[in-house]
Amino acid sequence: MLQHIDGDALDEAIGSWLTARADDSRAAGQDEHSPSRPVRAAVAVDGKSVRGAVRADGRRVHLLSALRGDGVVLAQREVDAKSNEITAFRPLLDPLDLTGAVVTFDALLTQTDHARFLVEEKDAHYIAVLKGNHPTLHPLVKNLPWKEVPLMDRTRTAAHGRDEIRRLKAVTVPGLPFPHADQALQIVRRRGTVRTGKVTLERLRDHQPDGPPGGTR
């Protein structure tokens with residue numbers, strides 16, 4: 009029977025049910041000590057190949073998913089290949105209520121149509137990874153005077169044999185040639201391997217959020 013069910017429709021139904029359950033549990037857990045200001049939801053959109061899942065023709069199963077910050081999978085759709093994540097982005101998010109949410113996605117999905125869709129149609133915010141697939145915008149952000157930008161946040165985590173420090177900077181940049189992009193973020197990651205003592209320093213992706221740091225647009 010399951011082979012005759014529309015997989016995307018089933019995913020959408022299960023995602024809606026899980027979201028409702030999670031929202032009810034979160035509301036029940038709030039008390040007088042809970043902050044009066046609601047926490048802005050974070051939704052990460054990413055594509056992954058499912059480990060151990062292989063089609064009859066040998067191709068791996070690849071899913072594009074929308075994952076909320078509390079671990080709830082809001083929606084997922086199967087895509088034929090990584091390149092098809094672009095066309096699946098809007099159908100994945102269209103049924104969801106993203107009002108006020110911050111949607112994050114990687115460089116492959118950093119498309120002007122996606123930015124307009126999120127801000128103008130879904131009333132959401134976005135943080136988009138920026139790489140060389142935007143040959144005009146990427147150098148503009150990369151060559152900003154980052155050394156003069158004050159440090160905004162610093163985190164340190166230790167897990168899986170690694171000690172990692174991340175430093176975040178944010179700067180307002182009016183007039184960026186990308187829909188609704190008002191600022192740029194930079195993350196610098198210092199990672200040390202506990203066993204070997206090897207240390208690597210990586211300047212992570214530049215981002216382009218549509219609103220002031222920590223606020224709304």
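Position one of the sequence shown corresponds to residue 9 (our numbering), numbered consecutively onward. Idealized CB from N, CA, C, for every residue including glycine.
- Between the stretch 130-142 and the stretch 101-112 there are three or more C-beta pairs closer than 8 angstroms, enough to call the two in contact.
- Annotation for PRO182: ASP190 place their beta carbon closer than 8 angstroms to its own, counting only its chain and skipping 5 residues before and after.
- Rounded to whole angstroms, the gap between the alpha carbons of THR144 and LEU184 is 10 angstroms.
- Spatial neighbours of ALA178 in its own chain (CB-CB distance under 7 angstroms, excluding positions within 5 residues in sequence) are listed in chain order as MET160, GLN191, LEU193 and PRO221.
- Boundaries cannot be given for HIS188, as no beta strand (DSSP E) includes it and DSSP labels it neither H nor E.
- Note on HIS168: under 16 other CB atoms within 10 angstroms of its CB, so exposed under the neighbour-count rule.
- The stretch 127-156 contains, as complete beta strand (DSSP E) runs of 3+ residues, the segments 133-138 (chain order).
- If one requires a minimum length of 4 residues, the alpha helix (DSSP H) runs lying completely within the stretch 67-127 are 93-101 and 120-124, in chain order.
- Its Cα nearest to that of ASP78, the residue ALA52 stands out among ASP88, HIS142, ALA52 and VAL207.
- VAL157 and ASN141 have their alpha carbons spaced roughly 25 angstroms apart.
- For LEU126, the closest alpha carbon among the candidates ALA28, LEU209 and ARG98 is that of ARG98.
- ASP88 is the residue among GLY55, VAL137 and ASP88 whose C-alpha sits nearest the C-alpha of ASP65.
- Bridge partners of ARG164 according to DSSP: ILE173.
- Residue pairing for THR204: DSSP places it in no beta bridge.
- Cβ neighbours of THR201 within its own chain (closer than 7 angstroms, five residues either side excluded): GLY169 and ARG170.
- Between LYS150 and ALA115, the gap from beta carbon to beta carbon reaches 8 angstroms or more.
- Counting C-beta atoms within 10 angstroms of its own C-beta, LEU71 has 16 or more neighbours from the protein chains shown and is therefore classed as buried.
- For VAL69 against VAL58, the beta-carbon gap comes to about 4 angstroms, under 8 angstroms, which counts as contact.
- In this structure, the beta-carbon distance from VAL196 to ARG175 falls below 8 angstroms.
- Comparing C-alpha distances from VAL110 to each of ARG124, GLN119, PRO153 and TYR134 shows the shortest one belongs to TYR134.
- Contact between GLU93 and GLY55 holds: their C-beta atoms lie close to 5 angstroms from each other, under 8 angstroms.
- Looking only at HIS188, THR204 and ASP19, the smallest Cα-Cα distance to THR118 is reached by HIS188.
- When only Cα atoms are considered, ASP121 and ARG85 end up about 19 angstroms apart.
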